[in-house]
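>
Residue numbers (the numbering used here), protein chains in the order written: chain A, 16 to 341; chain Y, 15 to 544.
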């Protein structure tokens, strides 16, 4: 079997196992948290009778194992369940499907992540390669210093600085990125500009430095010396000879940062009031809305697994030794 | 004479019979100084509502688990949102007085059987005319064993709700309650069409266009609104903006017109912005430190008294509330309530008295005080300040920082923790407040104040007062209740916090209600663009 297909199948099988483990860990950690949905929703006003009514309504009076089994059985049939919120014993059931809750949010998050990635990935590759090419020059040092500075600041601080300069003092972009399903693409792009810029600043350093380090690492190898001796220009050496061998580590770092863009940007969402999936999961955890938490956790796990799989495939495809094993 | 002249001139100005310059000239002639005359003109004009505009408000709350069902309405976003499209039987006005809303009038001979006469010809947004059947269904939504309503506890005293014809509803209570009309104004008990409690169809001034939980709510003016002189905006957009910096930036940049919960730490910088008005209202909300009498050493009167005397109340207001609040006197009735006991001497920090009572209690060792910012923002700091001031009186208080998560279920109102920080939104009436947290039958009696002689007297007084329709007698009874809580009760109530919000200068309004943040949470119905 072709090594690429073999890796993909192996990884996918492992991925399913990982998903199962993740769901088990999330479910049991939700069980370990104090309180339940009824108590969280009612807060200080929770009466034992009201909380008991909630438990009956949501089936929380059944043992945890039974509830987990039911949930897994439903998910295997493609049903992520309904949110705890909005169920109603005495009237019409207004609760929403987890899928309906998650999808619009996920779409927003993926939109923001793609914009940020479209700016950040080419930018960091360009900076990485060029700093490797002109390493230890003034250019190299200033790029390193700038990117390290932006990664050292917490995200919310970068966000506030951008708001101060680009929304308050020089109103170029809006400080609120409150998009909804009806927002047109151009408007959406305009509103998401500041959050995307914030995320770009936060992730560029990691990818750029990894690219630079991977290339510089290779520059010491004998085959690069050989290429140089045969008269290749510095740019040719890097792009044609060093870069193909550096793709594997670079792809891993890019995958890691893209996954972060999907699962870890709740702070940026809060600062810019961007309706993404991070805020949804945080709300669901604090309200003990288990079906939504599980749904989000599965999506996050799938994101990680798929992105890492893609990174591995890139690593294999770009490396002839792995592509044609003897 | 002069006042009357000015009133007439104001009326002319409002109705456009004279212009602003003529108005100012005429009141100047009447002997009013120029700045005051300009102020009059501004106020008179501001007080005339103008319709129109899109009102965008940033609200500090909002969660993806929010619903349109008022039964589980628990944060300020759902509260404000609920008041835009829904009405209640009664409402608390800007002056704190109760008026009928969907009930035209209400009466009772014995305070036990209440008759509410409904306003006729009021239509729901779906075109259906509101009748007694809808009111009965709306109340049943909060009652009964299977109800998951947060208002369930409020209505346990109601034995039956029955319709008497199309326009009259009769409530039978277990025992007399003179404040029952106040209870039905509670924000949970919104009147919705029978069989549809959760879709956001109501009788309110705005019709819901879209609602995205935790994100925003969009509304349009109800052209058919029955209430006159209310609901002036054409369109409304309520946004959940949880981050205070984002909220304040949005207001400064003009992305929103109004916001609640100004961050007090930066308020002095924020105030400098020329386009912003800061509003402050001290209502019934207060911060408390309940000691549980069911747990030693708090069962000891002298120990409680020692701790009550070791609180520097003004320091707490200055440092925790940054001055936006007033000091409390260890009872939960605020100046916004009708029967606030103003005769009671203010309890001050007194190291000698504290040491005297502490010695008398015979206690030794550290006293644990549990706190978390889940109780209120700054609770841990407040607990530290209490520990500091108590040490001046020779009392050792050990502050325990509790996790935020599950604070209300595991720490507060729990015998495992004898003394903890807590927050009460307050209640519009004395009876309601006492029954929420101080009488012996409430589950939220977070001080477990039950067995002592004073508490028994207190319970008897509350029962007597609730059936008393004579206000002078009620006043005397409630004054005594406040004395008893302040003296023997387990709660330290050092401060009442103010609601601080901010508007763009384009927003105009009348006097602001103090029963909730944002003009009684009814700003959308009451405010307008000047």
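Positions of the beta carbon are idealized from the N, C-alpha and C atoms, including for glycine.
Which of the three DSSP states, helix, strand or coil, is assigned to residue 223 of chain A?
In this structure, residue 223 of chain A counts as helix in the three-state DSSP scheme.
> Distance check for residue 194 of chain A and residue 201 of chain A, CA to CA, integer angstroms please.
So the alpha carbons of these two residues sit roughly 11 Å apart.
> Are residue 383 of chain Y and residue 369 of chain Y touching if we call contact CB-CB under 7 Å?
Contact flag unset, no.
> Based on DSSP bridge pairs, tell me the residues matched to residue 243 of chain A.
According to DSSP, which records beta bridges pairwise, residue 243 of chain A is partnered with nothing at all.
> For residue 412 of chain Y, does the count of other Cβ atoms within 10 angstroms reach 16, so buried, or fall short, so exposed?
The residue in question, residue 412 of chain Y, is exposed, as its Cβ has fewer than 16 Cβ neighbours within 10 Å.
> What are the boundary residues of the alpha helix (DSSP H) that includes residue 628 of chain Y?
Residue 628 of chain Y is absent from the model: chain Y starts at 15 and stops at 544.
> If you check the beta carbons only, do residue 439 of chain Y and residue 255 of chain Y fall under 7 Å apart?
For residue 439 of chain Y and residue 255 of chain Y, no; Cβs fall outside 7 Å.
> Quick one, which residues of the region 220-246 of chain Y are near chain A if we go by CB-CB under 7 Å, in chain order?
So the list reads 226, 228, 229 and 230, given in the order they occur along the chain.
> Using a threshold of 7 Å, state whether the C-beta atoms of residue 207 of chain A and residue 192 of chain A are closer than that.
Yes; because the gap between Cβ atoms is below 7 Å, this pair is in contact.
> Could you spell out where the alpha helix (DSSP H) holding residue 70 of chain Y opens and where it closes?
From DSSP, residue 70 of chain Y is part of no alpha helix (DSSP H) but of the beta strand (DSSP E) over 68-73.
> Quick one: give me the first and last residue of the alpha helix (DSSP H) that residue 91 of chain Y is part of.
Taken as a continuous stretch (DSSP letters only), the alpha helix (DSSP H) holding residue 91 of chain Y covers 90-99.
> Across which residues does DSSP place residue 117 of chain Y in a beta bridge pair?
According to DSSP, which records beta bridges pairwise, residue 117 of chain Y is partnered with Y:132.
> So with CB distances below 8 Å, who are the chain A contacts of residue 319 of chain Y?
By Cβ distance, chain A contributes nothing, its closest Cβ being about 27 Å from residue 319 of chain Y, past 8 Å.
> Tell me whether the beta-carbon of residue 281 of chain A lies closer than 7 Å to the beta-carbon of residue 293 of chain A.
Cβ atoms of residue 281 of chain A and residue 293 of chain A: closer than 7 Å.
> Output, in chain order, the set of chain A residues within a Cβ distance shorter than 7 Å of residue 255 of chain Y.
Within chain A, the residues near residue 255 of chain Y are 288.
> Output yes if chain A places a C-beta closer than 7 Å to the C-beta of residue 104 of chain Y; else output no.
No, residue 104 of chain Y does not count as interfacial toward chain A.
> Does residue 54 of chain A have its Cβ less than 7 Å from a Cβ in chain Y?
Yes, its Cβ sits closer than 7 Å to a Cβ of chain Y.
> Between the alpha carbons of residue 71 of chain A and residue 159 of chain Y, how many angstroms are there, rounded?
Approximately 11 Å, taken between the alpha carbons.
> Quick check: is the beta carbon of residue 49 of chain A nearer than 7 Å to any beta carbon in chain Y?
So yes, residue 49 of chain A belongs to the interface.
> In or out: residue 306 of chain A buried (at least 16 other Cβ within 10 Å) or exposed?
With 16 or more Cβ atoms within 10 Å of its Cβ, residue 306 of chain A is classed as buried.
> Which residue wins for smallest C-alpha separation from residue 415 of chain Y, given the options Y:423, Y:430 and Y:395?
With distances taken between Cα atoms, residue 415 of chain Y lies closest to Y:395.
> Specify, as a first and last residue, the run of the beta strand (DSSP E) that residue 234 of chain Y falls within.
Unbroken beta strand (DSSP E) run through residue 234 of chain Y: 230-235.
> Kindly list, in the order they appear in chain Y, the residues whose Cβ is closer than 7 Å to that of residue 285 of chain A.
Ordered by position in chain Y, the residues that pass the 7 Å Cβ test against residue 285 of chain A are 256 and 257.
> Where does residue 183 of chain A land, buried or exposed, given buried means 16+ other C-beta within 10 angstroms?
By the 10 Å Cβ count, residue 183 of chain A comes out exposed.
> Check whether the region 43-57 of chain A and the region 419-432 of chain Y are in contact - that is, three or more C-beta pairs closer than 8 Å.
The answer is yes - the region 419-432 of chain Y touches the region 43-57 of chain A, with three or more Cβ pairs under 8 Å.
> If you drop the 5 nearest sequence neighbours on each side, which residues of the same chain put their C-beta closer than 6 Å to that of residue 149 of chain A?
The answer, listed in chain order, is 155.
> Leaving aside the five residues before and after residue 257 of chain Y along the sequence, list all residues of the same chain whose C-beta is less than 8 Å from its C-beta, in chain order.
Around residue 257 of chain Y: no qualifying Cβ.
> What residue does the alpha helix (DSSP H) around residue 242 of chain Y start on, and which one ends it?
Neither: residue 242 of chain Y is in no alpha helix (DSSP H) and is coded neither H nor E.
> Determine the closest residue to residue 452 of chain Y out of Y:536, Y:352 and Y:304, with distance taken between C-alpha atoms.
Minimum Cα distance to residue 452 of chain Y is reached at Y:304.
> Would you say residue 464 of chain Y faces chain A, with C-beta separation under 7 Å as the test?
No, its Cβ sits nowhere closer than 7 Å to a Cβ of chain A.
> Which one or two residues does DSSP pair with residue 127 of chain Y in a beta bridge?
According to DSSP, residue 127 of chain Y bridges with Y:186.
> Below 8 Å, can you find three or more Cβ-Cβ pairs linking the region 108-119 of chain A to the region 92-100 of chain A?
Yes, since at least three Cβ pairs between the region 108-119 of chain A and the region 92-100 of chain A fall closer than 8 Å, the two stretches touch.
> If you drop the 5 nearest sequence neighbours on each side, which residues of the same chain put their C-beta closer than 8 Å to that of residue 19 of chain A?
Cβ within range, chain order: 328, 331, 332 and 338.
> Beta-carbon within less than 6 Å of residue 104 of chain A's beta-carbon, same chain only, minus the 5 sequence neighbours each way: which residues are those?
Its pLDDT being 45, under 50, residue 104 of chain A is placed unreliably by the model, and the measurement read from it follows with that caveat. Cβ neighbours of residue 104 of chain A beyond the five flanking positions: 72.
> Output, in chain order, the set of chain Y residues within a Cβ distance shorter than 8 Å of residue 190 of chain A.
Neighbours of residue 190 of chain A on chain Y, chain order: 260, 263, 264, 267 and 269.
> Give the single residue among A:326, A:61, A:314 and A:334 whose Cα lies nearest to the Cα of residue 122 of chain A.
Nearest of A:326, A:61, A:314 and A:334 to residue 122 of chain A, Cα basis: A:314.
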